[in-house]
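Beneath this line is the structure, given in structure tokens, with notes to follow.
Numbering (my numbering), first residue to last: -11 to 393.
Right, dumping it as structure tokens:
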């Protein structure tokens, strides 16, 4: 067994503790300053915490480190969820990962176009119109959460009358892939999995009879033309698109707006020069990464950062820590919307680089520019925003703001 990091134990590192949820970066800095690779038994399952940029990037790009699905004490209550996740490309390695990603990308890419951009703009404006007269809103529940849900539902081809359900589905399912998942969240996911499987099978039947201009019809066409994606993989892919297509964007928009409101100079700079939105979004991704951690397993003994990682040991690649590594990012704790270059790892790296990165960037640029254009007077209503109790993802539970002059 590896020697336990006394730094992690001394810090009392608990990713679900209030101090950590509020600001994990001092913990990351102290771990990295001692060593970028630490074995921690204060997290469960215990494993290696990777906080250095060089080490994180190396692992993400190295085929000797694998994705695996590990759900302890599998219960019949969430067996349908287990079957879905077994078929997700998120937990696959080549050659299955390559096959699923290629087919999904072939179906999805043609829809990331100017017409989708127009839909995002119209939807963002409609959401703001619903709250504009009130002068206040919860930026998460009123705007950042519903926007990507409506967008991914539109892309998939979910009928308009069913799109409200996607909010609940996404909220439940994201907890089943987060590192903080418990038997309770897995059981809830199992119940939701039954509903989602039935729902998508019905939708597949409709689309086979009457194909439309949407991603599900495209996935069905790819599958039936090339016979490379089975029915279970098709369901799992749609559910993954629902969860991943929503979670990254809601966190990116919410975290980005909080960062701007806490840094009035950067907010002013972006208002004065809206063309900076692209570099600003990259800085939001680095500064407050929507995905904080991802997991890999060693397929063989490998040395990383002068530390021997044994076969089958688990690694937490802490993207949020890597993106604040001072050896790569000067003044890493400073928000700078003009930062360039900005080689952050917010979307991962290697073969598992986020499939929806292009869509997330498009949604964030439109959402944040719409907010700044439509609401010239923006103020935080609370100095202590509420962070969600998740480990792998970093996002706000709520963000009350006012926009009265």
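Don't be surprised by glycine CBs; every beta carbon is placed ideally from N, CA and C.
- In this structure, residue 202 lies near residue 143, with their beta-carbon atoms less than 8 Å apart.
- Contact annotation: residue 204 and residue 145 have beta-carbon atoms nearer than 8 Å.
- Following the DSSP letters along the chain, one finds residue 386 inside the beta strand (DSSP E) bounded by residues 384 to 386.
- Residue 271 has its alpha-carbon roughly 30 Å from the corresponding atom of residue 88.
- At a Cβ-Cβ threshold of 8 Å, residue 303 and residue 284 count as neighbours.
- In the three-state DSSP reduction, residue 369 falls in the coil class, being neither helix nor strand.
- Distance from residue 336 to residue 382 at the Cβ level is roughly 15 Å; contact not present, criterion being Cβ atoms closer than 8 Å.
- For the pair of segments examined, the region 246 to 260 was found to touch the region 357 to 367: the number of CB pairs separated by less than 8 Å reaches three.
- Going by beta carbons, residue 133 and residue 238 fall inside the 8 Å limit.
- Under the DSSP assignment, residue 325 falls outside any alpha helix (DSSP H); it carries neither an H nor an E label.
- Per the C-alpha coordinates, the member of 109, 6, 207 positioned closest to residue 98 is 207.
- Between residue 306 and residue 79, the C-beta gap is not smaller than 8 Å, which leaves the two residues out of contact.
- In the three-state reduction of the DSSP assignment, residue 303 falls in the strand class, which pools E and B.
- It is roughly 38 Å from the alpha-carbon of residue 91 to the alpha-carbon of residue 13.
- Taking the Cβ atoms as the reference, residue 380 lies roughly 7 Å from residue 282, within the contact range of under 8 Å.
- In the DSSP assignment, residue 54 is bridged to 285.
- Taking 8 Å as the cut-off, the Cβ atoms of residue 326 and residue 249 do not count as close.
- Under the three-state reduction of DSSP, residue 118 is assigned to coil, being neither helix nor strand.
- Taking a contact to require three or more Cβ pairs closer than 8 Å, the region 41 to 48 and the region 154 to 165 do not qualify as touching.
- Between the alpha carbons of residue 291 and residue 319 lies a distance of about 29 Å.
- For residue 291, there is no enclosing alpha helix (DSSP H); the residue is found in the beta strand (DSSP E) stretching over 290 to 292.
- Residue 233 is not a Cβ neighbour of residue 128, given a cutoff of 8 Å.
- In terms of Cβ geometry, residue 135 and residue 334 do not form a close pair [threshold 8 Å].
- Going by DSSP, residue 161 is part of the alpha helix (DSSP H) stretching over 151 to 165.
- Under the DSSP assignment, residue 297 falls in the beta strand (DSSP E) whose first and last residues are 295 to 297.
- Spatial neighbours of residue 266 in its own chain (CB-CB distance under 7 Å, excluding positions within 5 residues in sequence) are listed in chain order as 353.
- Going by DSSP, residue 38 is part of the beta strand (DSSP E) stretching over 35 to 38.
- A check of alpha carbon separations from residue 247 across 236, 20, 322 identifies 322 as the nearest.
- One alpha carbon belongs to residue 5, the other to residue 84, and they sit about 37 Å apart.
- Relative to residue 100, the option among 72, 75, 140 whose CA is nearest is 140.
- Its Cα nearest to that of residue 366, the residue 391 stands out among 219, 346, 200, 391.
- With respect to residue 389, residue 57 sits apart: the two C-beta atoms are not nearer than 8 Å.
- DSSP, read as helix, strand or coil, puts residue 272 in helix.
- The three-state secondary structure of residue 26, taken from DSSP, is strand.
- The C-beta separation of residue 293 from residue 23 comes to about 7 Å, placing the pair in contact by the 8 Å criterion.
- About 6 Å separates the CB atoms of residue 175 and residue 66; that is less than 8 Å, so the two are in contact.
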